[in-house]
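S.K.:
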Amino acid sequence: MDHAPWYRTTLRWAQTNLTEIDPTRYDGAFWREHWRRTRIQGVIANAGGIVAYYPSEIPFHHQAETLDGRDLYGEIVAAAREENLAVIARMDSNRVVRELYEAHPDWICVDAEGQPYMQADKFVTCINSPYYSDHLPQVMREIIARSSPDGFADNSWAGLPRTKICHCLNCRQRFAAEGHDLPQREDWDDEAYRAWVAWNYRRRTELWDFNNAVTMEAGGPDCRWMGMLSGEVLNNCNRFIDLREILARSEIVMLDHQRRTPEDGFEQNTEAGKRLHELLGWDKLIPESTPQYQLGSPAFRLSSMPAAEVQLWTQAAFAGGIQPWWHHIGAAHEDRRQYRTAEPIFRWHEANRDILVNRTPLARIGVVWSQANHDLHGRDRPEQRTLDPYRGMVRALSRAGLDWLPVEAKDIARAKGRFDVLVLPNLVVIDRETEAALRDYVAAGGSLIATGETGRRDGQGQWRQIPALSDLFGLVPDGEALGADTTPDPSIEIPLRHSYLRLAPERRHDVYGPRDEEAPSEVLPRHPILDGLDDTDTLPFGGLLPSMRAGPDTSVLATFIPEFPIYPPETSWMRTRRTEIPAITVREGPNGSRLAFILADLDRCYAREGAFEHAQVLSNAVRWALHGSPPVEVSAPGGLVAATAYAQEGRWIVHLTSRIVTAPVPGRQDHVIPIGPVEVKIDASRLTGSGVRLRVSQGQPSLAVDGTNLTISIDRVVGHEVVVMDAR
């Protein structure tokens with residue numbers, strides 16, 4: 001019998017998110033049958049917080065309007081126990097009704113004028129008030145005494161976002177102990193504001209520890225409190241959630257990652273799983289709330305999500321090591337289509353659980369990210385300044401069929417020997433410890449790729465005269481940055497972003513047009529980073545370029561062509577055809593390491609405009625830095641299949657997931673498009689025999705061996721395929 005705690009063994013979850021009218025219409029028999037059909041192992045049941053679904057004895061703990069003395073929460077717990085299911089008590093502690101506000105106005109967040117912050121008709125509670133330190137612990141102890149849940153999940157637990165400053169007496173007094181008055185507005189150049197941000201991060205981490213101390217003291221060592229976490233890094237920054245610190249304290253993540261974005265597609269769910277597992281550990285679980293209701297803009301809580309949308313989102317989650325958790329709003333629905341979506345997904349998960357947990361990633365490419373970078377450089381525009389470069393880089397790698405992992409900057413010291421190449425996509429904030437770890441990594445033979453303004457700020461967010469690592473890349477600052485990192489006002493007659501890159505060496509032009517007399521007459525080979533670009537000497541750019549000067553042992557692969565008019569067409573010709581300003585440089589490092597600095601922010605440009613040449617240069621740079629083939633890579637029409645590879649004892653597992661998004665509104669994908677043929681190339685030196693199986697289609701792929709490379713050919717991938725191979 002498995003005696004591991006619930007948070008190690010409960011893989012499939014269910015949640016019927018109760019509304020205040022549900023005590024009059026909850027059909028326990030229906031939901032128990034739905035639990036059985038969907039093969040779940042755990043239930044998340046509404047308990048208390050904003051609304052109590054049991055007859056609470058705690059003053060001002062608002063009970064559901066139609067509860068009428070019923071213990072609906074207790075009934076759900078009893079039914080779950082009869083089905084041998086784990087139980088999580090769900091709370092939402094961020095808002096309260098007017099009755100509590102009038103009794104305890106000091107528990108509520110207020111603005112600079114002393115007016116309470118509200119969301120709809122509810123009042124927002126302050127995490128520094130007795131509501132969090134006294135009232136909520138009473139609620140949790142009462143719930144534990146009544147029903148002994150296995151743990152707690154709390155929605156919206158982190159209080160006000162960064163866009164609002166609470167000026168209540170509790171906050172003023174607590175922050176005064178930090179040596180500052182509360183800031184009046186967002187101002188990253190204000191020392192008090194930066195201190196306020198750091199203090200808020202610490203307060204959320206302290207609250208995490210405090211709530212776990214309460215639940216474990218009352219419910220035992222495995223009764224864990226889990227504030228639900230977002231998979232979006234900027235959302236966590238906005239809520240002051242230090243992912244690295246909090247996940248180091250966590251046994252499981254209850255993931256609330258639902259929002260779709262037009263920029264990221266379904267891949268964002270794989271990325272979120274990989275990023276969180278790298279912080280949490282690959283031996284732990286990350287169930288994800290997956291709504292069966294319709295997302296999008298606007299969202300419709302009572303209508304069914306298209307089945308294809310749920311399927312593709314969940315399959316991307318499986319590739320990232322995320323477990324399924326179906327989620328309905330309300331206990332009864334007239335749109336009954338939503339009840340049919342989860343069953344085939346959950347049954348497939350049950351049948352294939354052996355390849356979905358207890359595995360370690362195979363990727364040898366690490367893409368570095370940092371919450372400090374988003375805060376201290378991203379500041380008021382993190383989406384453009386810091387997220388887009390990361391987003392563009394990982395999208396380019398997925399398009400090229402390369403597998404990669406997110407690496408938090410503070411964990412670079414652990415990257416030595418694990419990754420063959422680290423990529424720093426506009427990692428502007430680099431503190432002393434991170435710089436030392438990167439130098440140590442390169443000294444040990446690890447390759448490094450940097451982009452944009454990497455290294456321009458120190459650990460406090462202050463601008464450096466000499467960027468960190470510039471000597472490593474053989475570069476010296478040489479003036480102000482050129483171009484722009486955002487889209488200019490369209491009313492500007494001559495956009496600042498009409499710039500280009502000139503590739504080196506240049507080629508003859510006498511085949512497809514008049515030859516440039518300034519260009520060399522002989523055809524010289526180009527660097528592998530420029531592979532596939534033989535028929536052009538220029539690339540569109542339109543981004544930001546830090547002005548640097550290359551040292552004698554640094555090769556310049558591309559230079560900057562300054563902006564020139566785009567309108568009217570008669571004026572659109574290069575005023576300055578050539579400069580010596582480097583845009584892409586390479587250098588050989590110690591012990592076989594390779595160093596590339598893509599000063600032109602092609603990763604940000606690719607995220608913003610999607611120019612295929614930018615993705616090609618980025619992925620070419622990573623392939624060159626790898627010194628050879630990665631363990632696994634995939635080839636598919638248009639780069640429309642992403643690969644994520646894992647190892648288990650005796651086998652390798654490769655997830656293939658669709659990158660196609662056709663819905664103009666994110667969240668509304670209503671069909672799955674087959675993609676094929678798809679080829680998976682494997683380092684065959686580590687495989688045994690020819691045992692290759694497809695876990696989704698159950699088909700038989702064709703195999704071809706060329707030296708140490710095995711090519712697996714699959715006719716088509718319909719949303720998702722999993723290739724399982726015997727390995728040493």
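Just so we're aligned: the sequence shown equals residues 1 to 728 in this note's numbering. Quick reminder that beta carbons are idealized off the backbone N, C-alpha and C, glycines included.
1. Hey, how far is the Cα of Ala89 from the Cα of Ile286?
2. Given a threshold of 16 other Cβ atoms within 10 Å of its Cβ, counted over all protein chains shown, does Val367 qualify as buried or as exposed?
3. How long is the line joining the alpha carbons of Gly452 and Cys166, rounded to whole angstroms?
4. Cα-Cα, which of Arg347, Ala363, Ala342, Thr554 is closest to Ala308?
5. At which residue ranges does the segment 230-293 contain complete alpha helix (DSSP H) runs of 4 or more residues, listed in the order of the chain?
6. Kindly confirm or deny that the segment 236-254 and the segment 151-163 touch, where touching means at least three C-beta pairs closer than 8 Å.
7. Kindly confirm or deny that the segment 529-549 and the segment 445-461 touch, where touching means at least three C-beta pairs closer than 8 Å.
8. Return the CA-CA distance between Arg174 and Asn200, expressed in angstroms with no decimal places.
9. What first and last residue would you give for the beta strand (DSSP E) that runs through His34?
10. Short check: CB of Phe60 to CB of Ala103, under 7 Å?
11. Opposite Arg651 in the DSSP bridges: which residues?
12. By the 10 Å Cβ neighbour count, where 16 or more other Cβ atoms means buried, how is Val717 classified, buried or exposed?
13. CB Thr538 to CB Arg575, shorter than 7 Å?
14. If Asp715 sits next to Gly667, beta carbons under 8 Å apart, how far is it from one beta carbon to the other, in whole angstroms?
15. Assuming Val661 and Leu397 are in contact, meaning their beta carbons sit under 8 Å apart, how far apart are those beta carbons, in whole angstroms?
16. If you run the structure through DSSP and keep just helix, strand and coil, what is Tyr54?
17. Which residue comes first and which comes last in the alpha helix (DSSP H) that contains Asp388?
18. When DSSP labels each residue in this structure, what does His720 get in the three-state scheme?
19. So, is Arg608 buried or exposed, given that buried needs 16 or more other C-beta atoms within 10 angstroms?
20. Work out the CA separation of Arg686 and Gly650 for me, nearest whole Å.
21. Can you tell me which of the three DSSP states Val511 falls into?
22. How is Glu609 classed by DSSP in three states: helix, strand or coil?
23. Take Tyr500 as the anchor and find which of Trp573, Ala413, Asp134 has the nearest alpha-carbon.
24. Alpha helix (DSSP H) containing Trp348: first to last residue?
25. Measure the C-alpha to C-alpha separation of Asn17 and Thr66 and round it to an integer number of angstroms.
26. Across which residues does DSSP place Tyr500 in a beta bridge pair?
27. Quick one: what's got a C-beta closer than 8 Å to Val632's C-beta in the same chain, skipping five residues either side?
28. By the three-class DSSP mapping on this structure, what secondary structure does Pro130 have?
29. If distances are taken between C-alpha atoms only, which option among Leu469, Thr125, Gly74 comes closest to Arg98?
30. In the DSSP assignment, find the beta strand (DSSP E) that holds Asp154 and state where it starts and stops.
31. Starting from the Cα of His62, find the closest Cα among Ile127, Asp335, Glu20 and give me that residue.
32. Can you name the start and end residues of the beta strand (DSSP E) that Phe123 belongs to?
33. Looking only at C-alpha atoms, which of Glu217, Ala248, Ala78, Asp256 sits nearest to Glu232?
34. Do Gly49 and Met91 have their C-beta atoms within less than 7 Å of each other?
35. In the DSSP assignment, what are the bridge partners of Arg549?
36. How would you label Pro23, buried or exposed, when you count the other beta carbons within 10 angstroms and need 16 or more for buried?
M.R.: Judging by the given coordinates:
1. Reading the sequence shown from its first residue, position 89 is the one you call residue 89. Reading the sequence shown from its first residue, position 286 is the one you call residue 286. About 17 Å.
2. The sequence position of residue 367 within the sequence shown is 367, counting from 1. Under this definition Val367 is a buried residue.
3. For the purposes of this step, residue 452 is taken as the residue at position 452 of the sequence shown. For the purposes of this step, residue 166 is taken as the residue at position 166 of the sequence shown. About 36 Å.
4. The sequence position of residue 308 within the sequence shown is 308, counting from 1. Out of Arg347, Ala363, Ala342, Thr554, Ala342 has the C-alpha closest to the C-alpha of Ala308.
5. 233-238, 243-247, 267-280
6. With the cut-off at 8 Å, the segment 236-254 and the segment 151-163 touch.
7. yes
8. Residue 174 sits at position 174 when you count from the first residue of the sequence shown. Residue 200 sits at position 200 when you count from the first residue of the sequence shown. Each residue's alpha carbon lies about 11 Å from the other.
9. Counting from one through the sequence shown, the residue named residue 34 turns up at place 34. His34 -> not in any beta strand (DSSP E); alpha helix (DSSP H) instead, spanning 28-37.
10. Reading the sequence shown from its first residue, position 60 is the one you call residue 60. Reading the sequence shown from its first residue, position 103 is the one you call residue 103. Yes; because the gap between Cβ atoms is below 7 Å, this pair is in contact.
11. Stepping through the sequence shown from its first residue, residue 651 is reached at position 651. In the DSSP output, where bridge partners are listed per residue, Arg651 has Gln648, Asp726.
12. Stepping through the sequence shown from its first residue, residue 717 is reached at position 717. Buried is the call here.
13. To locate residue 538, count along the sequence shown from 1; it is residue 538. To locate residue 575, count along the sequence shown from 1; it is residue 575. Going by C-beta atoms, Thr538 is not nearer than 7 Å to Arg575.
14. Reading the sequence shown from its first residue, position 715 is the one you call residue 715. Reading the sequence shown from its first residue, position 667 is the one you call residue 667. The Cβ separation is near 30 Å, so there is no contact.
15. To locate residue 661, count along the sequence shown from 1; it is residue 661. To locate residue 397, count along the sequence shown from 1; it is residue 397. Their Cβ separation, rounded to whole angstroms, is 18 Å, which puts Val661 and Leu397 out of contact at 8 Å.
16. If you number the sequence shown from 1, residue 54 lands on position 54. Correct three-state label for Tyr54: coil.
17. By one-based count along the sequence shown, residue 388 stands at place 388. First-last of the alpha helix (DSSP H) with Asp388: 388-399.
18. To locate residue 720, count along the sequence shown from 1; it is residue 720. Three-state result, His720: strand.
19. Indexing the sequence shown from 1 puts residue 608 at position 608. Answer is buried; the Cβ neighbour count reaches 16.
20. Along the sequence shown, one-based indexing puts residue 650 at 650. Along the sequence shown, one-based indexing puts residue 686 at 686. Spanning the two alpha carbons is a distance of roughly 10 Å.
21. As a first step, residue 511 must be located in the sequence shown, where it is residue number 511. Reliability of the predicted coordinates at Val511 is poor, the pLDDT of 45 falling under 50, and the value obtained from them is presented with this limitation in mind. The answer is coil: DSSP assigns Val511 none of H, G, I, E or B.
22. Your numbering for residue 609 matches position 609 in the sequence shown. The answer is helix: DSSP assigns Glu609 an H, G or I state.
23. Start at 1 with the first residue of the sequence shown, and residue 500 comes out as number 500. Measuring from the Cα of Tyr500, the nearest candidate turns out to be Trp573.
24. Translated into positions along the sequence shown, residue 348 becomes position 348. Its alpha helix (DSSP H) spans residues 342-351.
25. Locating residue 17 in the sequence shown gives position 17, counting from the first residue. Locating residue 66 in the sequence shown gives position 66, counting from the first residue. If you take the alpha carbons of Asn17 and Thr66, they lie about 15 Å apart.
26. Residue mapping note: residue 500 aligns to position 500 of the sequence shown, counting from 1. Paired residue(s): Pro540, Ile561.
27. What you label residue 632 is simply residue 632 of the sequence shown in a count that begins at 1. The beta carbon of Val632 lies closer than 8 Å to those of Leu362, Asp403, Ala643, Ala645, Trp652, Val654, Val680, Lys681, Ile682, Asp683 in the same chain, with the five residues before and after it left out.
28. Taking the first residue of the sequence shown as 1, we reach residue 130 at position 130. Looking at Pro130 - three-state DSSP - the assignment turns out to be helix.
29. By one-based count along the sequence shown, residue 98 stands at place 98. Residue nearest to Arg98 within the set Leu469, Thr125, Gly74 is Thr125 (criterion: CA-CA distance).
30. Start at 1 with the first residue of the sequence shown, and residue 154 comes out as number 154. For Asp154, the enclosing beta strand (DSSP E) has its first and last residue at 151-155.
31. Stepping through the sequence shown from its first residue, residue 62 is reached at position 62. Comparing Cα positions, the closest option is Glu20.
32. Within the sequence shown, residue 123 is the residue found at index 123, counting from 1. Residues 122-124.
33. Your numbering for residue 232 matches position 232 in the sequence shown. That would be Asp256, whose Cα lies nearest to the Cα of Glu232.
34. Stepping through the sequence shown from its first residue, residue 49 is reached at position 49. Stepping through the sequence shown from its first residue, residue 91 is reached at position 91. Contact: yes.
35. Numbered from its first residue, the sequence shown carries residue 549 at position 549. Answer is Val476.
36. Residue 23 sits at position 23 when you count from the first residue of the sequence shown. Result: buried.
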